[in-house]
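Trainee: Here's a structure for you.
Structure below.
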């Protein structure tokens with residue numbers, strides 16, 4: 001698995017609960033790794049976009065059908081679970097991540113192409129502090 005981190009050097013500050021943000025990033029990265037083949041890639045990117053810091057977790061994994069993306073944010077929905085498969089996860093990760101990001105004042109969205117990969121995008125407001 002290839003990994004990369006690309007963080008813009010001119011990121012403005014954001015005022016957030018660091019532990020909560022770390023938890024969200026860990027969960028999103030775990031998800032990306034879980035659904036990406038060993039010869040694939042997972043990357044983390046952070047940029048400044050006007051009044052937002054934008055953080056993306058990008059993978060070259062199995063992807064999600066476009067018409068099922070909204071289902072990913074519903075509790076207990078698991079798109080890639082096969083019947084009889086060991087139930088190690090419960091489909092709460094993405095709904096929890098979205099809610100935690102909303103508590104931080106931001107948004108979490110998914111873009112995906114089935115068979116090509118997924119981009120999870122967090123947008124957090126830039127702090128008013130100068």
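Residue numbers (my numbering): 1 to 130. Quick reminder that beta carbons are idealized off the backbone N, C-alpha and C, glycines included.
For residue 60, does the three-state DSSP call read helix, strand or coil?
Mentor: The answer is coil: DSSP assigns residue 60 none of H, G, I, E or B.
Trainee: Report yes if the CB atom of residue 12 is closer than 8 Å to the CB atom of residue 48, and no otherwise.
Mentor: Yes. Within cutoff.
Trainee: So, using beta-carbon positions, are residue 24 and residue 124 closer together than 8 Å?
Mentor: Cβ atoms of residue 24 and residue 124: not closer than 8 Å.
Trainee: Take the Cβ of residue 70 as the centre, count every other Cβ of all protein chains shown within 10 Å, and call the residue buried at 16 or more, exposed below.
Mentor: The residue is exposed, with fewer than 16 neighbouring Cβ atoms inside 10 Å.
Trainee: Any idea which residues DSSP pairs residue 111 with across the strands?
Mentor: Paired residue(s): 119.
Trainee: Pick helix, strand or coil for residue 66, following the three-state DSSP scheme.
Mentor: Helix.
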